[in-house]
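**Q**
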Ligand code: GLN
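Quick look at the structure:
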């Protein structure tokens, strides 16, 4: 691994830390560092937003981090979130976007998904920090008497906790727990918000303590272009950057968000007013796809300027960078290729009004579509409008090539889902059910193919007589809704000759991410299988059903997962169940592609070897039908 000189920047930092490290009452310096911390070993890039939120700080920060990772550096991103929630577990996706789940079970902001996808790197709870976590840590320590009789203050104690976390991440946040060469810090919200002020102060202190050359501050700001004036105005951006400077932070780089390329005149003005040389002011105008941003940054020289500011040119691994660039360029070309088959994928959900609520599904479809040459048009269908009587016309009008029923909670819209899944199964439309969508597919099959007309989930009918989906035994013990689910990465054992095993390239066990409270009722498994349903992915030890499918003789592609396959899909490493769905969808849309070798890799020919379950025409009496 390339290595920069560990000590060249450490001298100031070490001197500072030798005083700050003392947490006793004799000194006003309070900045506890984790044991073994080497000041100056890791450099930091902090990204602040000014003028307004929604500028894409996460995408900016993730793209820059990717450029640095491509150079062979270990990078560790972190999001500092202003709100008081401990995590995103109880947030409504309709207001806040989807809840992203990490392998260690952390429920976090959807920006962490952007980081994982762009960096192709698994993150953990250390990469996500909320004000709630910081305050609760401080208050618990205060009750334990951990502050040795001192009054506990925003500065230095709260800021000290923030710095401690950032340094811990620096020591362990690289891949496989290695030390990071670079920590990317995204400060949530906008500079001047009441709730993120202490983060900004903590970063000012950290930059001071770590010493000159250890920090690169980036201000992301917005250039207005009012239609009535027809020209770009930089005043709001200037004022925003000034606001950051009032906190004692001098930006090193300005990234100007705008609808159109920023004019020289606007760049010069803002450079002058914020003490940032013109070659460090960048136009970050809107692009066709976020995946073209890293290359656009590189073309503008942004990565080189960051390396100069942090004195890291010597650490670059050119071979690694060239390889990574080639791979990425191939992917980015595929996204806009003219040769793609147009494909309509229906997503049946409750929150379809907001794309952000299903951000990772949207991305996973893009990944699979790009690899298989499909231009995917998503039809967001509000399932609350669908019922048994109108399902045919509601779905037929869109000429869907594939359908996804995504995850969700609560009773609203579930009968519409059952009706839609029945239609999709009978019409042989390729189908992927995710989490709640998987459970609904089991319920639909039980009702219409296994003579359990009243089949239901105890999530919707607490005392359902025919509960094919019921609460996980562990969950029955827990009260309340905050943090009580089966969360995070779990192994899934795949059955021989199944579609699942075919898609996962013959792996016996795969690891996927879960977020659920209910599961297939173990007592119903036998009846369901006898009626023809195949449970092809299970927990390696417990009777938890994790993948269901129909045999290829019954349906071209009908599969469901108790986990969330969309969370592990990456641009260069698309998730297999999405690949299978899109491949089957392409065959439906354009049968002439049947011999296309990339498709053949993802289409399993029906075979008598595959697990058949039982015979759907032979109805066994079930406990529900009595
Ligand atoms: N509501 C279902 C459960 O808790 C499904 C959850 C989900 O789709 N994430 O099991």
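In my numbering, the protein residues as written are 2 to 627.
Glycine residues also receive a C-beta, built at the ideal position from the N, C-alpha and C atoms.
Go through the segment 196-250 residue by residue and report every complete run of the beta strand (DSSP E) that reaches 3 residues or more, in order.
**A** Segments of the beta strand (DSSP E) lying fully in the segment 196-250: 216-223.
**Q** Residue 450 lies in the alpha helix (DSSP H); which residues open and close that run?
**A** Along the chain shown, read from residue 1 onward, the residue named residue 450 stands at position 449. Where residue 450 is concerned, the enclosing alpha helix (DSSP H) stretches over 437-450.
**Q** Please list the terminal residues of the continuous beta strand (DSSP E) segment that includes residue 75.
**A** In the chain shown, the residue the question calls residue 75 occupies position 74. Note, residue 75: premise wrong, no beta strand (DSSP E); not H, not E.
**Q** As an exercise, report each continuous alpha helix (DSSP H) stretch of at least 4 residues that is fully enclosed by the segment 35-116, in chain order.
**A** Taking only runs of at least 4 residues, the alpha helix (DSSP H) segments lying wholly in the segment 35-116 are 58-71, 94-97.
**Q** Is it the case that the CB of residue 593 approaches a heavy atom of the ligand GLN more closely than 7 Å?
**A** The residue given as residue 593 occupies position 592 in the chain shown. Not under cutoff, so the answer is no.
**Q** My guess is that residue 217 and residue 310 are in contact by the Cβ rule of under 8 Å, so how many angstroms apart are they, rounded?
**A** Locating residue 217 in the chain shown gives position 216, counting from the first residue. Locating residue 310 in the chain shown gives position 309, counting from the first residue. Residue 217 to residue 310, Cβ: 5 Å. Contact.
**Q** Drop a sphere of 10 angstroms on the beta-carbon of residue 128, count the other beta-carbons inside from all chains shown, and report buried for 16 or more, exposed for fewer.
**A** For the purposes of this step, residue 128 is identified with residue 127 of the chain shown, where counting begins at 1. When all chains shown are included, residue 128 counts as buried.
**Q** For the ligand GLN, any of its heavy atoms closer than 7 Å to the Cβ of residue 440?
**A** Reading the chain shown from its first residue, position 439 is the one you call residue 440. Within the cutoff, so yes.
**Q** Provide the residue span of the alpha helix (DSSP H) that contains residue 580, from first to last.
**A** On the chain shown, residue 580 is found 579 positions in, with the first residue counted as 1. From DSSP, the alpha helix (DSSP H) with residue 580 extends over 577-590.
**Q** So what's residue 413 in DSSP terms, helix, strand or just coil?
**A** Reading the chain shown from its first residue, position 412 is the one you call residue 413. It is coil, neither helix nor strand.
**Q** Locate the beta strand (DSSP E) running through residue 262, then write down its first and last residues.
**A** As a first step, residue 262 is located in the chain shown; it is residue number 261 there, counting from the start. Segment: none, residue 262 is in no beta strand (DSSP E) and carries neither H nor E.
**Q** Which same chain residues, not among the five before or five after residue 182, have their C-beta less than 6 Å away from its C-beta?
**A** Residue mapping note: residue 182 aligns to position 181 of the chain shown, counting from 1. Result list for residue 182: 74, 75, in chain order.
**Q** Got a sec: does the ligand GLN put a non-hydrogen atom nearer than 7 Å to the Cβ of residue 543?
**A** Counting from 1 along the chain shown, the entry for residue 543 is found at position 542. Because no heavy atom of the ligand GLN lies under 7 Å away, the Cβ of residue 543 does not count as near it: no.
**Q** May I ask you to report which of helix, strand or coil DSSP gives residue 607?
**A** On the chain shown, residue 607 is found 606 positions in, with the first residue counted as 1. Note: residue 607 maps to coil in three-state DSSP.
**Q** Helix, strand or coil for residue 347? Go by DSSP, reduced to three states.
**A** Indexing the chain shown from 1 puts residue 347 at position 346. Strand, per DSSP.
**Q** Kindly indicate which three-state DSSP category residue 280 falls into: helix, strand or coil?
**A** Taking the chain shown and counting its residues from 1, one reaches residue 280 at position 279. Here residue 280 sits in helix by DSSP.
**Q** Compute the distance between the beta-carbons of residue 349 and residue 418, then report whether it is under 8 Å.
**A** Stepping through the chain shown from its first residue, residue 349 is reached at position 348. Stepping through the chain shown from its first residue, residue 418 is reached at position 417. A contact, by the Cβ cut-off of 8 Å.
**Q** Just to confirm, is the Cβ distance from residue 343 to residue 585 under 8 Å?
**A** Your numbering for residue 343 matches position 342 in the chain shown. Your numbering for residue 585 matches position 584 in the chain shown. No, these two residues do not count as a Cβ contact at 8 Å.
**Q** Determine the burial state of residue 162: buried for a count of at least 16 other Cβ atoms within 10 Å of its Cβ, exposed for fewer.
**A** Position 161 of the chain shown, counted from the start, is the residue given in the question as residue 162. Answer is buried; the Cβ neighbour count reaches 16.
**Q** Exposed or buried, what is residue 1 when buried is set at 16 or more other beta-carbons lying within 10 Å of its beta-carbon?
**A** No answer is possible for residue 1: the residues shown for the chain start at 2 and end at 627.
**Q** Give me the Cα-Cα distance between residue 259 and residue 194, rounded to the nearest whole angstrom.
**A** Against the chain shown, residue 259 aligns to sequence position 258. Against the chain shown, residue 194 aligns to sequence position 193. Roughly 22 Å separates the two Cα atoms.
**Q** Go ahead and pull the three-state DSSP assignment for residue 469.
**A** Locating residue 469 in the chain shown gives position 468, where the first residue counts as 1. Three-state result, residue 469: strand.
**Q** Specify, as a first and last residue, the run of the beta strand (DSSP E) that residue 549 falls within.
**A** Numbered from its first residue, the chain shown carries residue 549 at position 548. Run containing residue 549: 546-550, per the beta strand (DSSP E) assignment.
**Q** So which of 154, 121, 91, 378 has the shortest CA-CA distance to residue 570?
**A** Position 569 of the chain shown, counted from the start, is the residue given in the question as residue 570. Comparing Cα-Cα distances from residue 570 to each of 154, 121, 91, 378, the minimum goes to 121.
**Q** Restricting to Cα atoms, I'd like to know which of 237, 602, 498, 297 is closest to residue 1.
**A** Since the first and last residues shown for the chain are 2 and 627, residue 1 lies out of range.
**Q** Residue 464 to residue 360, Cα distance in whole Å?
**A** Here residue 464 is taken as the residue at index 463 of the chain shown, counted from 1. Here residue 360 is taken as the residue at index 359 of the chain shown, counted from 1. Their Cα atoms are separated by approximately 34 Å.
**Q** In the DSSP assignment, find the unbroken alpha helix (DSSP H) run with residue 134 in it and report its ends.
**A** Within the chain shown, numbered from 1, the residue matching residue 134 stands at position 133. Segment 132-144, the alpha helix (DSSP H) holding residue 134.
**Q** For residue 608, does the count of other Cβ atoms within 10 angstroms reach 16, so buried, or fall short, so exposed?
**A** Here residue 608 refers to the residue found at position 607 of the chain shown. Label assigned to residue 608: exposed.
**Q** With distances taken from CA atoms, which of 471, 503, 422 is nearest residue 448?
**A** The residue given as residue 448 occupies position 447 in the chain shown. Here the closest residue by C-alpha is 422.
**Q** Would residue 467 and residue 451 be called neighbours here (beta carbons separated by less than 8 Å)?
**A** The sequence position of residue 467 within the chain shown is 466, counting from 1. The sequence position of residue 451 within the chain shown is 450, counting from 1. It is not a contact, given that the beta carbons lie outside the stated cut-off.
**Q** Relative to the C-alpha of residue 48, which candidate in 33, 64, 424 has its C-alpha closest?
**A** As a first step, residue 48 must be located in the chain shown, where it is residue number 47. It is 64.
**Q** What I want to know is whether the C-beta of residue 408 ends up closer than 7 Å to one or more non-hydrogen atoms of the ligand GLN.
**A** What you label residue 408 is simply residue 407 of the chain shown in a count that begins at 1. Indeed, a heavy atom of the ligand GLN lies less than 7 Å from the Cβ.
**Q** Under 7 Å from any heavy atom of the ligand GLN, does the C-beta of residue 436 make it?
**A** Residue mapping note: residue 436 aligns to position 435 of the chain shown, counting from 1. Residue 436 Cβ: within cutoff of the ligand GLN.
**Q** Could you tell me the distance, in whole angstroms, from the CA atom of residue 231 to the CA atom of residue 267?
**A** As a position in the chain shown, residue 231 is number 230, starting the count at 1. As a position in the chain shown, residue 267 is number 266, starting the count at 1. When rounded, the distance between both Cα atoms is 13 Å.
**Q** Which whole-angstrom value is the C-beta distance of residue 575 and residue 513, which I expect to be below 8 Å?
**A** Locating residue 575 in the chain shown gives position 574, counting from the first residue. Locating residue 513 in the chain shown gives position 512, counting from the first residue. Rounded, the Cβ-Cβ distance is 14 Å, inconsistent with contact.
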